[in-house]
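From first to last, the protein sequence lines stand for chains H and L.
First residue of the first sequence? That's 1 in this note's numbering, and the numbers climb one at a time after it.
First residue of the second sequence? That's 200 in this note's numbering, and the numbers climb one at a time after it.
Read the structure below first, then the notes.
There are 2 protein chains.
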Amino acid sequence: MSAIPKPVMRLIEELSRLPGVGPKTASRLTYFLLRSPAEQVVSLAEAIRQVKERTVRCSICFNIADTSPCSICSDPNRDPTQICVVEEPLDVLALERTRQYHGLYHVLEGAISPVEGIGPGELRIRELLDRLRNTTVHEVVLATNPNLEGEATAMYIAQQISPLGIRVTRLARGLPVGADLEYADAVTLAQALEGRREV
Amino acid sequence: MSAIPKPVMRLIEELSRLPGVGPKTASRLTYFLLRSPAEQVVSLAEAIRQVKERTVRCSICFNIADTSPCSICSDPNRDPTQICVVEEPLDVLALERTRQYHGLYHVLEGAISPVEGIGPGELRIRELLDRLRNTTVHEVVLATNPNLEGEATAMYIAQQISPLGIRVTRLARGLPVGADLEYADAVTLAQALEGRREV
Chain H
1 MSAIPKPVMR LIEELSRLPG VGPKTASRLT YFLLRSPAEQ VVSLAEAIRQ
51 VKERTVRCSI CFNIADTSPC SICSDPNRDP TQICVVEEPL DVLALERTRQ
101 YHGLYHVLEG AISPVEGIGP GELRIRELLD RLRNTTVHEV VLATNPNLEG
151 EATAMYIAQQ ISPLGIRVTR LARGLPVGAD LEYADAVTLA QALEGRREV
Chain L
200 MSAIPKPVMR LIEELSRLPG VGPKTASRLT YFLLRSPAEQ VVSLAEAIRQ
250 VKERTVRCSI CFNIADTSPC SICSDPNRDP TQICVVEEPL DVLALERTRQ
300 YHGLYHVLEG AISPVEGIGP GELRIRELLD RLRNTTVHEV VLATNPNLEG
350 EATAMYIAQQ ISPLGIRVTR LARGLPVGAD LEYADAVTLA QALEGRREV
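The following block contains the structure:
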């Protein structure tokens with residue numbers, strides 16, 4: 001289509017690679033940027049460029065951070081005897097938002113997924129075991145996603161930790177707040193029943 | 200939240216300004232970029248920066264283009280006696296995709312919307328009338344959106360053109376292909392009835 005200028009075409013293609021962005025959304029975003037003030041567009045381009053240049057992976061917990069070790073790993077007020085294992089940096093944010101967890105984290109950078117060819121070796125599991133051997137940790141909270149990959153990853157890690165004699169826990173399963181019992185899937189409901197507690 | 204590095208925070212904020220991108224989508228996209236290869240991220244940043252730097256508004260039809268006049272306005276194979284009036288550059292693409300229209304275009308850069316404070320003066324209507332006065336045009340096809348603003352804009356332009364004695368047409372209204380009669384809204388169905396044709 002000769003009607004589309006090359007730089008516009010190129011941006012549509014680049015944006016289409018983002019997750020959840022199809023060609024239609026990509027062209028909508030592109031034409032939105034074309035109508036936006038130049039400063040806003042340059043500012044977005046700069047922010048994208050800097051997000052990789054100015055951040056590092058924490059050498060201890062592998063979270064994305066300004067510095068290494070990250071602000072959580074180097075915070076003396078956090079409980080170093082608890083390590084919460086998550087798949088992605090976004091999971092750390094979700095847990096921090098609860099304000100209920102005060103221990104440290106360990107970001108795996110993914111989950112075991114034979115379909116995608118991701119085995120335990122691709123994840124930061126060896127680094128986790130090294131941390132557990134070299135520091136005094138009393139509890140490892142497995143907070144991988146409650147899906148097939150997350151479960152498999154949690155099982156694998158639990159097995160690896162068991163010889164070290166450290167307590168391993170998993171986030172509770174049950175009905176989410178605001179859910180409708182009527183529409184809950186059978187597995188979730190079964191887990192909510194199994195995990196029922198005294199009132 | 201101290202857990203988020205500043206460059207990450209900034210990108211999430213910048214992305215949240217895009218239409219249809221909320222804070223959740225913005226953080227998903229940000230962490231996707233953090234996991235992507237550096238070249239891909241730099242390439243996206245470059246594409247965003249260049250999309251404004253390397254494109255111009257065509258001085259005749261106001262479409263986004265590599266050059267001014269644009270490739271459509273300067274194409275000797277296009278019919279210069281037809282001008283199709285659209286709201287946005289994306290509408291030009293949609294019409295080009297049909298391969299049924301071979302005339303020229305005129306991009307208004309919006310639609311009349313009292314709610315958003317956009318009057319006829321904010322649009323490229325004066326420039327359209329100048330084009331109609333200075334060139335031989337036999338038909339103006341009004342292809343603004345079939346909503347309140349688009350209709351108001353079409354009506355206003357039709358009024359302005361009427362003294363010039365040029366034929367003014369509007370895109371047909373009716374049932375879209377693949378639609379279900381049962382679920383069609385009353386207005387669309389009424390227009391489909393009104394515009395019915397001999398088989």
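Beta carbons are placed, not taken as given, at the ideal position from N, Cα and C, and that holds for glycine.
- Message: Is there a Cβ of chain H sitting closer than 9 Å to that of L/S242, yes or no?
- Response: yes
- Item | Span of the alpha helix (DSSP H) around L/V240 | A237 to E252
- Task: Give the residues of chain L in contact with H/D66, contact being defined as C-beta atoms less than 7 Å apart.
- Result: P204 and K205
- Message: List, in chain order, every chain H residue whose beta-carbon is nearer than 8 Å to that of L/F261.
- Response: Going along chain H, no residue has its Cβ under 8 Å from L/F261, so there is no contact; the nearest lies around 12 Å.
- Task: At 7 Å on the CB atoms, spell out the chain L contacts of H/E14, in chain order.
- Result: S242, L243 and A246
- Task: Let me know if H/R5 comes out buried or exposed under the rule of 16 or more other beta-carbons within 10 Å of its beta-carbon.
- Result: The sequence given here places Pro at residue 5 of chain H; Arg does not occur at that position. It is buried - the Cβ of H/P5 has at least 16 other Cβ atoms within 10 Å.
- Task: Put H/E139 into one of helix, strand or coil per three-state DSSP.
- Result: strand
- Query: Which word fits L/R396, buried or exposed, when buried means at least 16 other C-beta atoms lie within 10 angstroms of its C-beta?
  - Reply: exposed
- Message: I'd like to check one pair, H/L33 with L/V250: are the Cβ atoms closer than 9 Å?
- Response: Taking 9 Å as the Cβ cut-off, L/V250 and H/L33 qualify as a contacting pair.
- Item | Under 8 Å from the C-beta of L/Q299: neighbouring residues of chain H | The premise fails here: L/Q299 is roughly 14 Å from chain H at the closest Cβ pair, so nothing lies under 8 Å.
- Item | Coil, strand or helix - H/V204 by DSSP | Nothing about residue 204 of chain H can be read from this structure; chain H reaches only from 1 to 199.
- Message: Check whether chain H comes within 9 Å of L/T280, counting only Cβ atoms and requiring the distance to be less than that.
- Response: no
- Item | Backbone CA spacing between H/M1 and L/T334 [nearest angstrom] | Residue confidence is low: H/M1 scores 45 on pLDDT, short of 50, so the model does not pin down where it sits. Its coordinate-derived value is still stated next. Between H/M1 and L/T334, the C-alpha separation is close to 26 Å.
- Message: Looking at L/A357: is its Cβ nearer than 9 Å to the Cβ of L/R369?
- Response: Note that the C-beta distance between L/A357 and L/R369 is below 9 Å.
- Item | Near the ligand NAD: L/E287 beta-carbon under 8 Å from a heavy atom | The ligand NAD is absent from the structure shown, which contains no ligand whatsoever.
- Does H/S27 come within less than 9 Å of chain L when only Cβ atoms are used? yes
- Hey, how far is the Cα of L/V241 from the Cα of H/A45? L/V241 and H/A45 have their C-alpha atoms roughly 9 Å apart.
- Can we say the stretch 256 to 269 of chain L touches the stretch 62 to 69 of chain H, given the rule of at least three CB pairs closer than 8 Å? no
- What do you get for L/V376, buried or exposed, if any count of 16 or more other CB atoms within 10 angstroms of its CB means buried? exposed
- Task: For H/A38, decide whether its Cβ has a neighbour in chain C, counting only Cβ atoms nearer than 9 Å.
- Result: Here the protein chains are H and L, and chain C is not one of them.
- Query: From the beta carbon of H/T30, is the nearest beta carbon of chain L less than 9 Å away?
  - Reply: yes
- Message: Using a Cβ-Cβ distance cut-off of 9 Å, determine whether L/M200 contacts chain H.
- Response: Caution applies to L/M200, whose pLDDT of 45 falls short of 50 and renders its modelled position unreliable; the model cannot decide the point.
- Give a yes or no on whether 9 Å exceeds the smallest Cβ distance from H/P19 to chain L. yes
- Task: Would you check if the distance between the CB atom of L/Q281 and the CB atom of L/E338 is smaller than 9 Å?
- Result: Annotated as proximal: L/Q281 and L/E338, with beta-carbon spacing under 9 Å.
- Item | For H/E113: DSSP bridge partner residues | One detail in the question is off: residue 113 of chain H reads as Ser in this sequence, not Glu. In DSSP, H/S113 forms a bridge with H/I118.
- Message: Does chain H have any CB closer than 9 Å to the CB of L/R253?
- Response: yes
- Check whether the Cβ atoms of L/I360 and L/L331 sit closer than 9 Å, and answer yes or no. It is a contact, given that the beta carbons lie within the stated cut-off.
- Query: Measuring CA to CA, which of L/P362, L/I324 and L/E286 is closest to L/N344?
  - Reply: L/E286
- Message: So that I know if they touch, is there some Cβ in chain H lying closer than 9 Å to that of L/E315?
- Response: no
- Query: Expressed to the nearest angstrom, what Euclidean distance is found between the alpha-carbon atoms of H/L175 and H/L181?
  - Reply: 8 Å
- Query: Apart from the five residues on each side of it in sequence, which residues of its chain come closer than 6 Å, Cβ to Cβ, to L/I211?
  - Reply: A225, S226 and T229
- Going along chain H, which residues have a C-beta under 7 Å from L/R209? By Cβ distance, chain H contributes A47.
- Neighbouring residues, chain H, relative to L/P375 (Cβ below 7 Å): Here the premise fails: no neighbours, minimum Cβ distance about 16 Å.
- Message: So that I know if they touch, is there some Cβ in chain L lying closer than 9 Å to that of H/P89?
- Response: yes
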